[in-house]
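In what follows, a structure is listed as C-alpha cells, so that the remarks can point back to it.
2 protein chains.
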Amino acid sequence: MADTELLDATFAALADPTRRAILARLAAGEATVTELAAPFAMSQPAISKHLRVLERAGLVSRGRDAQRRPCRLEARPLRDATAWLANYRDYWVESYQRLDVLLDELQSVDHTGTERRPARPNGTGG
Amino acid sequence: MADTELLDATFAALADPTRRAILARLAAGEATVTELAAPFAMSQPAISKHLRVLERAGLVSRGRDAQRRPCRLEARPLRDATAWLANYRDYWVESYQRLDVLLDELQSVDHTGTERRPARPNGTGG
DNA sequence: GCCACCTATAACCTCCTGGTTCTATAACCA
DNA sequence: TGGTTATAGAACCAGGAGGTTATAGGTGGC
Numbered sequence: 001m002a003d004t005e006l007l008d009a010t011f012a013a014l015a016d017p018t019r020r021a022i023l024a025r026l027a028a029g030e031a032t033v034t035e036l037a038a039p040f041a042m043s044q045p046a047i048s049k050h051l052r053v054l055e056r057a058g059l060v061s062r063g064r065d066a067q068r069r070p071c072r073l074e075a076r077p078l079r080d081a082t083a084w085l086a087n088y089r090d091y092w093v094e095s096y097q098r099l100d101v102l103l104d105e106l107q108s109v110d111h112t113g114t115e116r117r118p119a120r121p122n123g124t125g126g
Numbered sequence: 001m002a003d004t005e006l007l008d009a010t011f012a013a014l015a016d017p018t019r020r021a022i023l024a025r026l027a028a029g030e031a032t033v034t035e036l037a038a039p040f041a042m043s044q045p046a047i048s049k050h051l052r053v054l055e056r057a058g059l060v061s062r063g064r065d066a067q068r069r070p071c072r073l074e075a076r077p078l079r080d081a082t083a084w085l086a087n088y089r090d091y092w093v094e095s096y097q098r099l100d101v102l103l104d105e106l107q108s109v110d111h112t113g114t115e116r117r118p119a120r121p122n123g124t125g126g
C-alpha cells in the first residue's frame, strides 16, 4: 500500500468513535471480538466490520486461540499519522525546538511490536 | 460540536489526500479557492466541497477580499488530533519521558491564531 | 448598466460506509 | 455424533462522500 493510501486508511479508521474506543480498549491489552463488542449497543458483525477496517489500516493484528481471534493494537500507523501531523506543529507550539529534537528521534525509532509498556489512552474523546 | 464529533470530523477531513494537500498548501500562507484548485485535475466545485469539509472540521477559516474568499489554516484541530494520538505514544516511543513533558506543555498551550511562524509541511505523504 | 471574475449551490451519479439479519464455518465439549 | 460458542460472510438498506455539469450570486472594472 502506498504511503498516501496508508495515511488515508489510518485517518479514515480513526474517524469513527467506535473504532477509537476499540483502540483504547486494545491499548489495555489483547481482546477477543466478543469482548470488544460487549460495551457497544451494536451487533457482533458490525464490530467485525470495524475490526476489518482497523486491520486494513494496519492498526490491529489478529492472533488465533482456538475459536477466538484475539486482537492486538499495532501502533505503527498511529506513529506515522502523528509524524504527519507533526509537520504542522509550528502552528500551535511555542517552544518547538525541543519538539524538533523529539520528532527527529521519533522518525528514526522503528521498534513496533517490541517492548510494550502500559499505555494510558483515555477513551474516544480528548 | 461535541469533543468526539470534532475528532470525527478532523480525522475524516484528514483521510483525503486532496484535503491534506490543501492543508499543506495553506501552511505556506493564505490562498484563494482558485489558487488552491489550480494544482488538481478536478473541478472548482469539487475543491469548494473539500474546503467545506475542512471548514466544518475547523481546520480552515475564510476571509473576504472582494470576490475572493481567502482560506487560512486553523491548526487547533490538528493539535487536538495530535493530543489524542499522543495517548498511544508509549507504544512506539522509546524515550517517552521527554515526550511526557512535551505533551503536558502541548496540552496547556492555547494560542491558536497567534504568532504564526513559517512551518514546514511536506505534502500529503509522510 | 453591463460584463467578467470568483465562488457557491443545485441536481445528479456512483461508490463506500455503517448498520441490520441470517447463515456458514470452525473449534471445543460431552 | 451432536450441541455450543466464537467469528466471519452474504445480502440488504439508508445515507453520505466525492465527483461531475450547469447555474446562480456577489463583487469590481469599464
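First to last, the protein sequences are chains A and B.
Mapping of the first sequence onto the UniProt record's numbering: position 45 corresponds to residue 45, and the numbering continues sequentially without gaps.
Mapping of the second sequence onto the UniProt record's numbering: position 39 corresponds to residue 39, and the numbering continues sequentially without gaps.
For glycine and all other residues, C-beta sits at the position ideal for the given N, C-alpha and C.
Cβ of residue 46 (chain B) within 8 Å of any chain A Cβ: Cβ-Cβ to chain A under 8 Å: no for residue 46 (chain B).
Beta-carbon gap between residue 79 (chain B) and residue 32 (chain B) smaller than 8 Å: No. Outside cutoff.
First through last residue of the beta strand (DSSP E) which encompasses residue 20 (chain A): DSSP places residue 20 (chain A) in no beta strand (DSSP E) but in the uninterrupted alpha helix (DSSP H) bounded by 17 to 27.
Assigned exposure category for residue 77 (chain A) - 16 Cβ within 10 Å defines buried: In the assembly as shown, residue 77 (chain A) is a buried residue. Its beta-carbon has 16 or more other beta-carbons within 10 Å.
Span of the alpha helix (DSSP H) around residue 85 (chain B): 76 to 86 is the extent of the alpha helix (DSSP H) around residue 85 (chain B).
Own chain, CB closer than 8 Å to residue 12 (chain B), minus 5 neighbours either side, in chain order: Counting only Cβ-Cβ distances below 8 Å, and skipping sequence neighbours, we find 53, 57.
Host beta strand (DSSP E) of residue 62 (chain B) (start-end): For residue 62 (chain B), the uninterrupted beta strand (DSSP E) segment begins and ends at 60 to 62.
Cβ-Cβ distance between residue 8 (chain A) and residue 15 (chain B) below 8 Å: Their beta carbons are under 8 Å apart, which means residue 8 (chain A) touches residue 15 (chain B) by this criterion.
Any chain B beta carbon closer than 8 Å to residue 39 (chain A): Not closer than 8 Å to any Cβ of chain B, the Cβ of residue 39 (chain A) fails to qualify, so no.
Three-state secondary structure assigned by DSSP to residue 68 (chain B): Here DSSP, grouped into helix, strand and coil, assigns residue 68 (chain B) to strand.
Contact list for residue 70 (chain B) against chain A, beta-carbon separation under 8 Å: The premise fails here: residue 70 (chain B) is roughly 17 Å from chain A at the closest Cβ pair, so nothing lies under 8 Å.
DSSP beta-bridge partners of residue 31 (chain B): According to DSSP, residue 31 (chain B) bridges with B:71.
Between the CA atoms of residue 84 (chain A) and residue 35 (chain B) - distance to the nearest angstrom: Distance between the alpha carbons of residue 35 (chain B) and residue 84 (chain A): 23 Å.
CA-to-CA distance, residue 65 (chain B) to residue 43 (chain A), given in whole angstroms: Those two C-alpha atoms are separated by around 51 Å.
Coil, strand or helix - residue 39 (chain A) by DSSP: Assignment of residue 39 (chain A) by DSSP, reduced to helix, strand and coil, places it in the coil class.
Cutoff 8 Å: residue 16 (chain B) Cβ touching any chain A Cβ: Chain A contact via Cβ: present.
Which of helix, strand or coil DSSP assigns to residue 13 (chain A): DSSP places residue 13 (chain A) in the helix class (H, G or I) of the three-state scheme.
Buried versus exposed, by CB contacts within 10 Å (16 or more), residue 28 (chain A): When all chains shown are included, residue 28 (chain A) counts as exposed.
Proximal residues of chain B, C-beta to C-beta of residue 85 (chain A) below 9 Å: Neighbours of residue 85 (chain A) on chain B, chain order: 14, 78, 79, 81, 82, 85.
Residue 61 (chain B) to residue 63 (chain A) span [Cα, whole Å]: The straight-line gap from Cα to Cα measures roughly 45 Å.
Residue span of the alpha helix (DSSP H) that contains residue 52 (chain B), given as start and end: For residue 52 (chain B), the enclosing alpha helix (DSSP H) starts and ends at 44 to 56.
Within chain B, the residues that residue 32 (chain A) reaches when beta carbons sit closer than 7 Å: Going along chain B, no residue has its Cβ under 7 Å from residue 32 (chain A), so there is no contact; the nearest lies around 20 Å.
8 Å CB neighbourhood of residue 30 (chain B) in its chain, flanking five on each side removed: A distance below 8 Å between beta-carbons, with the five flanking residues on each side excluded, links residue 30 (chain B) to the following residues of its chain, in chain order: 63, 70, 71, 72.
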